[in-house]
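Line by line, the protein sequences give chains A and B.
To convert, note that position 97 of the first sequence is 97 in our numbering; the numbers rise steadily by one, no gaps.
Heads up: take any position in the second sequence, counting from 1, add 1000, and you land on our numbering.
Backbone N, C-alpha and C fix where the C-beta goes; we use that ideal spot for every residue, glycine too.
Given the structure is predicted, the values throughout are model-derived calculations rather than measurements.
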Amino acid sequence: SQTIHQWPATLVQPVGSPLSLECTVEGTSNPNLYWYRQAAGRGLQLLFYSVGIGQISSEVPQNLSASRPQDRQFILSSKKLLLSDSGFYLCAWSGKTLAGAYNEQFFGPGTRLTVL
Amino acid sequence: DAKTTQPPSMDCAEGRAANLPCNHSTISGNEYVYWYRQIHSQGPQYIIHGLKNNETNEMASLIITEDRKSSTLILPHATLRDTAVYYCIVRGIQGAQKLVFGQGTRLTINP
């Protein structure tokens, strides 16, 4: 069966510090991968998605970046965190679309980031 | 992707059917209706999706109006564990399947 892992589960970082959040998927190959952020009391916002190794699409301009160095690994990074980067970061994966089919997204447990 | 409108909150008694409405008046012919829910402090969970026919699975039923401008998610026998934020999302099936989450409906199941 497929599983998705995220770490760390919680993180407290000072403003201006770097960030690296990791997401890995097991039990599937060539997935689509997604990074979402949920600010306190807000809905989920798609940040990045990837359809393959080295292929990253950004949805929202910001000081965050994403990378996909391996097929089942997705990394969210920042060189300098802002207070507004605080939130709940969720990684998700889905299978590739088959003609006429929908592949649901499966979400990881999330990382709760607090920037002070 | 078409925009959706949902009530911000709803209450339902445990054991009763919870009916969550969603308006999507600008939906186009090739767009599906998807429902996810998010229990507090967890990632969203897929519930069900449909195009124009009513759908049912082990979690819920989805009723889509004939003109497809609105739909209703039905949880037939709500339990306390169904308390969550429910998101109605409309989009096509092509591309990377990006999901755009709105504010959703906060459903509270009361004992």
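Residue i - DSSP class collapsed to helix/strand/coil
i	result
R1068 of chain B	coil
R72 of chain A	coil
R1081 of chain B	helix
S1 of chain A	coil
L82 of chain A	coil
E1014 of chain B	coil
T979 of chain B	Residue 979 of chain B lies beyond the range of chain B shown here (1001 to 1111); nothing can be said about it.
S1028 of chain B	coil
T28 of chain A	coil
F106 of chain A	strand
S1101 of chain B	Position check: residue 1101 of chain B holds Phe in this sequence, whereas Ser was assumed. It is coil, neither helix nor strand.
T111 of chain A	strand
L1073 of chain B	strand
I56 of chain A	strand
L1051 of chain B	coil
A66 of chain A	strand
Supposed contact pair residue j and residue i - C-beta distance, whole angstroms, cut 8 Å
i	j	result
Q2 of chain A	T28 of chain A	5 Å
L1107 of chain B	D1082 of chain B	7 Å
I1074 of chain B	M1059 of chain B	Incorrect: roughly 10 Å between the Cβ atoms, too far for contact.
A1084 of chain B	R1037 of chain B	4 Å
Chain A residues whose Cβ lies nearer than 8 Å to that of residue i
i	result
Y1046 of chain B	E104, Q105, F106
V1100 of chain B	L46
Rounded separation between residue i and residue j - CA only
i	j	result
T1026 of chain B	L76 of chain A	34 Å
L46 of chain A	Y89 of chain A	10 Å
S1028 of chain B	G1102 of chain B	18 Å
F106 of chain A	H1077 of chain B	25 Å
K1098 of chain B	W1035 of chain B	14 Å
S1115 of chain B	P1021 of chain B	Given a span of 1001 to 1111 for chain B in the structure shown, any question on residue 1115 of chain B remains unanswerable.
D1067 of chain B	N1053 of chain B	11 Å
K1003 of chain B	N30 of chain A	30 Å
L19 of chain A	E1055 of chain B	42 Å
P109 of chain A	H1024 of chain B	30 Å
T1079 of chain B	I1109 of chain B	7 Å
Cross-chain neighbours of residue i in chain B, by beta carbon under 8 Å
i	result
G110 of chain A	S1041, Q1042, G1043
Y89 of chain A	The contacting residues do not exist; Y89 of chain A stays about 10 Å from chain B at best.
Chain-ordered chain A contacts of residue i [CB-CB under 7 Å]
i	result
G1029 of chain B	What G1029 of chain B touches in chain A: nothing, since even the nearest Cβ is about 14 Å away.
Residues that residue i contacts on chain A, provided the C-beta gap is smaller than 9 Å
i	result
Q1103 of chain B	R42, G43
Item checked: Three CB pairs or more closer than 8 Å across the region 77 to 88 of chain A and the region 10 to 21 of chain A -> By the criterion of at least three beta-carbon pairs nearer than 8 Å, the region 77 to 88 of chain A is in contact with the region 10 to 21 of chain A.
Margin query: Pairs of beta-carbons, one from the region 1009 to 1017 of chain B and one from the region 54 to 70 of chain A, closer than 8 Å: are there three or more?
Written below: Result no; under three Cβ-Cβ pairs closer than 8 Å.
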